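Let me begin by presenting the structure, written as structure tokens, before commenting on it.
2 protein chains.
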Amino acid sequence: MTSILMIDDDVALTQLVAEYLQLDGYEFKAVHQGPEGLELARSNAFQLVLLDIMLPGMDGLTVLKQLRQYSYCPVLMLTARGDEIDRVVGLELGADDYLAKPFSPRELVARIKAILRRVELIQQQQQPQLASLQVNSLRLDSAKRQIFVEDNVLVLTATEYQILELLMRHAGDVVSKEDLSQLALGKRLQLYDRSLDMHISNIRKKIAHYDEAEKIQTLRGLGYVLLEGE
Amino acid sequence: MTSILMIDDDVALTQLVAEYLQLDGYEFKAVHQGPEGLELARSNAFQLVLLDIMLPGMDGLTVLKQLRQYSYCPVLMLTARGDEIDRVVGLELGADDYLAKPFSPRELVARIKAILRRVELIQQQQQPQLASLQVNSLRLDSAKRQIFVEDNVLVLTATEYQILELLMRHAGDVVSKEDLSQLALGKRLQLYDRSLDMHISNIRKKIAHYDEAEKIQTLRGLGYVLLEGE
DNA sequence: GCAGTCCTTTACACAACCTTTACGTTGGCT
DNA sequence: AGCCAACGTAAAGGTTGTGTAAAGGACTGC
């Protein structure tokens, strides 16, 4: 069961969110004070924390900073204004995402799911993984950090290798650009950031050098997928 | 089974780490007092110790100092702040690595694996090894501590010999600069430390004198590898 | 003390890499 | 059709890691 903690002094809002999230199958708890929320979040009993920036007593950013001393529990920040400064500071302090009030419950759920899915991806990364893996004409040798096309080694940079490994380990599944950016580049995807696109472009070029059959497919607005032959 | 001991007074944190490490297949035990941890660590029942610097009662650095009187058990230090001084002192006292809180479980696991892999490398070094070894045109005679290119003896310094032997014994595998530094130079790789690069450069020059075919390949950001001809 | 050997540090050049910029293309939308 | 956001990619820009000559320092044997 996935538990979500909300720290927000707006009682009406927490009740509204409670309804939606419980409908979606989440366990939900709300508190209205910073210190109380901090203590609960530190217990690591929650898989995600919704944190309002404007809190009486202890500021939301302070709560976040203190929490990050102890825990990497995912945090989705909420704020009353579309305050760009709060946003930047929050993300720098280690928030996982940001949502401006007022938000639609639907969008909130979407953001929550995106974060949880990514956390799951990261945990998968930590699991012991297959050292060797074959997808169509691509073969991964993770011990030597090498990827082959048929019998030719791909000369990849560290970043390119990470991206392609991720796509191979999830062959047939769509991997979002956000996920790729966070897992392979180690940073959140920014607006107008074309870095990832360039890496994909370069990887494609290197693969095509040996195998013309295009492999990495673009799903516009969703991400990339390494097609599995049937 | 690899057992890890954590000495940290933050009970919530030890529980979190316990979950992650057990998920990764490690045996895990946590204690919250310095003296208690010291006694356990001295028993050599653990392959690695996670040690918090800020401990009530007995300071983490003191624990480390005392432990080093008896045991070479690898120690990964943890600290609440990004305190550079603690870091330097800790590494001088013989800690194997350092991680600032808060850390992601992912990073913790990565550091642990890096340390354990290096310990394994060191133990391999101590095992009886093949006295003679041929890699392409290079031939190792470890009884005489000599390396030949075709039939020409390489005149190597002690350090150069150690580096090249290590690369030869792991021919085809990437050997990280950190590993090379610790195993051949006997010290951790520091930022801006170019000593190892110089040794590699000199070794290359000496090999090239007899065999122009470049052998030690650089893998940017990863390390060096002695290519095996196929 | 001096010369010789070896390891390390310094300094600069360079190459590899990642990112940004800029412009062209595509595909969904009204 | 026309618009616009997302995407592809060549080229430029900036950053970081590496190669190596030369100087500096530590040690040894004489």
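Chains as they are written, first to last, in UniProt numbering: chain Z, 1 to 230; chain B, 1 to 230.
We put the CB at the ideal spot given by N, CA and C, even for glycine.
Computed from a predicted model, the values in this text were never measured in an experiment.
Beta carbon of residue i nearer than 8 Å to that of residue j
i: B:Ala12; j: Z:Ser43; result: yes
i: B:Gly172; j: Z:Ala158; result: no
i: Z:Leu116; j: Z:Thr14; result: no
i: Z:Ser137; j: Z:Val119; result: no
i: B:Ser142; j: B:Glu165; result: yes
i: B:Gln162; j: B:Ala184; result: yes
i: B:Gly223; j: B:Val174; result: yes
i: Z:Leu154; j: Z:Lys206; result: yes
i: B:His32; j: B:Asp9; result: yes
i: B:Pro102; j: Z:Tyr98; result: no
i: residue 241 of chain B; j: B:Gln47; result: Residue 241 of chain B lies beyond the stretch modelled for chain B, which goes from 1 to 230, so this question has no answer here.
i: B:Leu61; j: B:Leu93; result: yes
i: Z:Leu196; j: Z:Lys177; result: yes
i: Z:Gln129; j: Z:Arg169; result: yes
i: Z:Val49; j: Z:Leu55; result: no
i: B:Arg188; j: B:Leu91; result: yes
i: Z:Ala30; j: Z:Ala45; result: no
i: Z:Pro105; j: Z:Tyr20; result: yes
Endpoints, the beta strand (DSSP E) within which residue i is located
i: B:Thr79; result: 75-79
i: Z:Asp179; result: From DSSP, Z:Asp179 is part of no beta strand (DSSP E) but of the alpha helix (DSSP H) over 177-180.
i: Z:Gln146; result: 146-149
i: Z:Met6; result: 3-7
i: B:Leu219; result: 216-219
i: B:Val174; result: B:Val174 -> no beta strand (DSSP E), and no H or E assigned at all.
i: B:Leu222; result: Taken as a continuous stretch (DSSP letters only), B:Leu222 belongs to no beta strand (DSSP E), as it is neither H nor E.
i: Z:Asp97; result: 97-100
Coil, strand or helix - residue i by DSSP
i: B:Ile203; result: helix
i: Z:Ser195; result: helix
i: B:Leu189; result: coil
i: Z:Gly37; result: helix
i: B:Gln129; result: coil
i: Z:Tyr72; result: coil
i: B:Val155; result: coil
i: Z:Tyr210; result: coil
i: B:Leu167; result: helix
i: Z:Ala143; result: coil
i: Z:Leu138; result: strand
i: B:Leu61; result: helix
i: B:Leu55; result: coil
i: Z:Leu50; result: strand
i: B:Leu67; result: helix
i: Z:Ala114; result: helix
i: B:Ala45; result: coil
i: B:Leu93; result: coil
i: B:Glu160; result: helix
i: Z:Glu228; result: coil
Limits of the unbroken alpha helix (DSSP H) element including residue i
i: Z:Ala30; result: Not the alpha helix (DSSP H): Z:Ala30 falls in the beta strand (DSSP E), residues 27-31.
i: B:Arg11; result: Checking the sequence, you will find Val at residue 11 of chain B rather than Arg. Run containing B:Val11: 11-23, per the alpha helix (DSSP H) assignment.
Residue i: CB within 7 Å of a non-hydrogen atom of the ligand SAH
i: B:Val63; result: As presented, the structure is devoid of all ligands, the ligand SAH included, so that no description of it is given.
With contact counted as at least three CB pairs below 8 Å, one residue from each stretch, are the region 100-112 of chain B and the region 71-78 of chain B in contact?
yes
Taking contact to mean at least 3 C-beta pairs separated by less than 8 Å, is the region 118-132 of chain B in contact with the region 26-39 of chain B?
no
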